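Residue numbering for the sequence shown follows the numbering used here, beginning at 4 and increasing consecutively. Structure first, then comments.
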Amino acid sequence: MPDNQATHWPANAPKLHHTTFTTLRMKQMVDWYGLVCGLRPVFQSYEASWLTNDDANHRIALLSPPGLKHPTDKGHETGIHHTAFEFKTFDMWLNNYIRLRNHDILPFLTLDHGITMSVYYQDPDGNGVEIQVDGFGDWADSSEWIANSLDFAKNPIGTYFDPEKLVAARESGLTFQEIHENARAGEYLPAVIPEDIFLPEVW
Ligand SMILES: [Fe+2]
């Protein structure tokens, strides 16, 4: 085995706990993460807020220090593309898409990655937020698939879908597995396929 970082993995790795964003739109950000992801503030001020939607004391933190500047070309700059949240079931995931659509919040990317079905939104600052459901309903199964599937190796970014076609497919009686397979195969393509996965500019 070549001498690389993999040979130095720790026996016990720390778990991912939270992400912190700087923002010039504190109130809009707190409200948006509450509406979209059910994150409630455990502490909130104009300078700093801590939000969670589970047992952790926070999952997203927001900081607004003096002197902060907005980005000049956020979508094409290196850094975080998105954070991701996961629903346990396809129905919960699709129902959340419908709930947000009824608030006029629509995804800018919709992709069947094989490992997940994912819709991507932008928060008020333009940060990406992926909301996903596991493509297999089981982390062990999707982990095995991503590591060994020729299908994933050939199409790692995924296949675009129109989420309204997923809603119609579910109403017609198709199962999650059938819809997932059809989406991956390109049966629910949107009218317009995005040219790239860059974050649309909001500044
Ligand atoms: Fe992701």
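Ideal placement from N, C-alpha and C gives every residue a C-beta, glycine not left out. Just so you know, these numbers come straight off a predicted model, no measurement behind them.
Of all the beta strand (DSSP E) runs that stay within the bounds of the stretch 147-180, which reach a length of 3 or more residues? none
Within the present structure, is the beta-carbon of GLU89 separated from the nearest heavy atom of ligand 1 by less than 7 Å? no
Could you tell me which of THR86, ILE118, GLN180, PRO159 sits nearest to ASN125, measuring between CA atoms? Correcting the residue type first, residue 125 is Gln in the shown sequence and not Asn. Selected option, being the one with the closest Cα: THR86.
According to the Cβ coordinates, are GLY78 and PRO159 closer than 8 Å? No, these two residues do not count as a Cβ contact at 8 Å.
Give a yes or no on whether 8 Å exceeds the smallest Cβ distance from GLU181 to chain C. In the structure shown, chain C does not exist; there is a single protein chain.
Which one of LYS30, PHE88, CYS40, LEU38 has the shortest CA to CA distance from PHE46? LYS30
Can you pull the DSSP bridge partners for PRO44? LEU54
How would you label ILE95, buried or exposed, when you count the other beta carbons within 10 angstroms and need 16 or more for buried? Just to set this straight, residue 95 is Met in the shown sequence, not Ile. With fewer than 16 Cβ atoms within 10 Å of its Cβ, MET95 is classed as exposed.
Can you tell me whether SER67 is helix, strand or coil according to DSSP? Under the three-state reduction of DSSP output, SER67 falls in the coil class, being neither helix nor strand.
My understanding is that HIS163 touches THR113, with C-beta atoms under 8 Å, so please give their C-beta distance in whole angstroms. Checking the displayed sequence, the identity of residue 163 turns out to be Tyr instead of His. Between TYR163 and THR113, the beta carbon gap of about 6 Å places them in contact (Cβ cut-off 8 Å).
Taking 7 Å as the cut-off, is the beta-carbon of HIS20 closer than that to any non-hydrogen atom of ligand 2? The model on display carries ligand 1 but not ligand 2.
Could you check if ALA172 is buried or exposed, using at least 16 other CB atoms within 10 Å of its CB as the buried criterion? It counts as buried.
Quick check: what's the CA-CA separation for SER67 versus VAL39? The C-alpha of VAL39 is placed about 21 Å away from the C-alpha of SER67.
Cutoff 7 Å; reference THR23; Cβ partners in own chain excluding five residues on either side: ALA64, LEU66
Within a Cβ cutoff of 8 Å, which residues of the same chain sit near GLY37, ignoring the five residues on either side of it in sequence? Excluding the 5 residues flanking it on each side, GLY37 has same chain C-beta neighbours closer than 8 Å at ARG43, PRO44, LEU54, in chain order.
Under 7 Å Cβ to Cβ from GLY189, same chain only, skipping five residues before and after it: list those, please. THR162
Would you list, in sequence order, the uninterrupted alpha helix (DSSP H) runs of no fewer than 4 residues that lie entirely inside the stretch 73-158? 93-104, 142-151, 153-157
Please state whether the Cβ-Cβ distance between GLU184 and ASP137 is less than 8 Å. no
Return yes when the C-beta of GLU184 is under 7 Å from any heavy atom of ligand 1, and no when it is not. no
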